[in-house]
Amino acid sequence: MKYLLNCCTRISSKALSYAATLREDQRGMSLALFAAAVVPTFSAIGTGVDVTRMMMLRSKLTAAVDAAALAGGRVYFSEDRQDDIESYFKANLPEGFFDADIDGPYSAEDNTKGTLRVWASASMPTGFMRLFGVDDLSVSTESVITRQTAMLDVVLAIDLSGSMLSSVPGEAKSRIVAAKEASEQLIDIIYGDPPSSLVRVGVVPWAGKVNVSDYGTTHGYDALGNALPEPVGMGSINTRYRAVDLGASYNNPFQAEYYTYSYIPGGTNAPLNGVDDDPFVDGSSTAKERFLLPDGHEDWTSKVYYAHNSSVPLLAPPPQDWKGCVYARYASTARPFAHDEAGEWYDKQVDDDNSADTEDGIVTEWGPNQLNWVGWMPMGDEGEPIDGNDKCDLSRLHNLWSDCTPCMESGIHRLNYSKDAAITMIKDLEAVSSGFTNIPQGLVWANRLLSKAVPFTEGDEVDVALAGYARDRAIVLLSDGANTVREGDAYNRALRFQSDRDERLRYIADKIKDQETNIYAVQFANGDSNLAQLMKDVASKPTAPFYYYAPSSSELQSSFKAVANNLSTLRISK
């Protein structure tokens, strides 16, 4: 409006000066009066045309700056941010519009406030107003974008398998170091500075299996190494667990006839080392607790057990030296160690439906065989490496000589409002040299952190002051390798081939996405095309920002920054 007032003031001044001259000249008064009337009339018309063009230019300039600012905000931390800003600006303000000269767009960020300012100006030549000495009209505008992180729960599921100890191709830096650096940046961006009270982050480290104890604790000891008190109720000396009565007896799904945790009688994988009896035969003298299932196994269970360092209900008392790992809640309907998808006895869909991998808490009458998953089976020595021997009890049963994959030392970091706590946990992560890749278990335990059901209930715990907010949920999955099958992993060779693991991963991912949880899948330092297709299938969409291939540490950081930006919402604040 100030431009219109300035123009009208200049024209009116010239018109008044001319009118005063006419008043003093009495000759040809009629013609003079006519001329005096014509000039203001045409002046107003001409001025209106120029001012209208100016207002249209201003509107176009404002729309272009707003679009450019939003585009820049979406890639706030990208090195190519200015390129995006200019691209969107030009798309919304065509070159040559009203023959205007454009200055900009320019941009500047304020990381403390989390804002991005974009501005530009334009100068347009006039038409009629040029007769009155007004050669051009100028307009300018700016837009300020505020990065506003919505109420958000994010879980990082980070691969700690042995390959993560390898160097990033072409770099001296190890993959785990690069992953930790990128993860710290992602956490910093998501929380903001100061940290947002609307954001919680959890971390699930995974390899062949997942340590379900709380980060910083070990069985029987707190994070400071202090011994925890003896259990209340059922439990023996130094075991430090408690038992909870379920009020009914349930069929334990962790049995040889359901769970492929054994051998085919007389088959090529019959046990060695003096195990002569067939545990499937009634009256067998073989100790089922020792050779087939962890100590404390029962066909029926009426209790679940809780170790002091974990809220996960267990189907059997945890061993005294329990490291924190459990078997997957998967029960195959196929015969043990047999695999024939074309055979009538094997139905892949029944297998999927019969698995409680994607379910939480106490699950009764689950699947076609009505298996009762009232907890998770703790993994004892039978699933851990044996010192001095490249084997474990499971490998001995399988007639294989590979060592069991170990339980990682690092437990789970639950959803937490503390940015410092999340970053501290990330800094402490270490890959396991003899760990292998079990992506399905990394993904499923990440989802459990987001769930509202037991064993983790933080997903249902929201401050009263935030009760009116919608909460978005997301998982960021990082892996540098394909699924592997090893003795002592969470599936215990129940899914015997890589293709089975891949299909299981897709099944779990689809279930999670059906719950309106976004999955961001990042393939790191491994360009295998089959892995790429698998990770694309897992991601919410097979394109950025939901899927990225990051061959280098710098591209991994860029990918994580893009993910973090996508998790943030933007609003125009000016």
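Letter by letter, the sequence shown follows residues 40 to 613 in the numbering used here.
Using N, Cα and C, we set each Cβ at its ideal position, and we do this for glycine too.
Fewer than three beta-carbon pairs drawn from the segment 207-220 and the segment 521-540 are found closer than 8 Å, and the two stretches are therefore not classed as touching. If you look at Y127, you'll find it isn't in any beta strand (DSSP E); it sits in the alpha helix (DSSP H) that goes 120-131. Per DSSP, D149 is one residue of the beta strand (DSSP E) stretching across 140-149. When the Cα atoms are used, S592 and L410 turn out to be separated by approximately 45 Å. By the C-beta criterion, the segment 567-581 is judged not to be in contact with the segment 225-240, since fewer than 3 inter-stretch pairs fall below 8 Å. Residue state for F137 is assigned as helix, using DSSP reduced to three classes.
Each residue's CA atom was taken as its position, placing P358 and T403 some 25 Å apart.
Rounded to whole angstroms, the gap between the alpha carbons of K152 and D442 is 53 Å.
CA-CA distance, P584 to I184, rounds to 20 Å.
With a cutoff of 8 Å on beta-carbon distance, L606 and V193 are scored as near each other.
Per DSSP, D391 has no beta bridge partner at all. The Cβ atoms of S146 and Q121 sit closer than 8 Å to each other. Taking the C-beta atoms as reference points, P292 is found no nearer than 8 Å to W415. For G241, the pairing in a beta bridge is given by DSSP as V194. The three-state secondary structure of V207, taken from DSSP, is coil. Per DSSP, N290 lies in no alpha helix (DSSP H) segment; the continuous beta strand (DSSP E) that holds it begins and ends at 280-290. Contact between N250 and K362 holds: CB atoms are separated by about 7 Å, below the 8 Å threshold. DSSP lists N250 as the beta-bridge partner residues of C364. The residue among N131, M94, M95, E118 with its C-alpha nearest the C-alpha of A106 is N131.
In the DSSP annotation of this structure, the continuous segment of the alpha helix (DSSP H) that includes Y546 starts and ends at 537-553.
Per DSSP, F116 lies in no alpha helix (DSSP H) and is assigned neither H nor E. When the beta-carbon positions are compared, F475 and S200 come within less than 8 Å of each other.
Counting only residues of its own chain and dropping the five nearest sequence neighbours on each side, S473 has a CB closer than 8 Å to the CB of G201, P424, D442, T444, P445.
D429 places its beta carbon 8 Å or farther from that of E421. Distance between D138 and A603, taken at the CA atoms: about 40 Å. Buried is the label assigned to M93, since at least 16 other Cβ atoms lie within 10 Å of its Cβ. Per the C-alpha coordinates, the member of E220, A367, A102, A196 positioned closest to V157 is A102.
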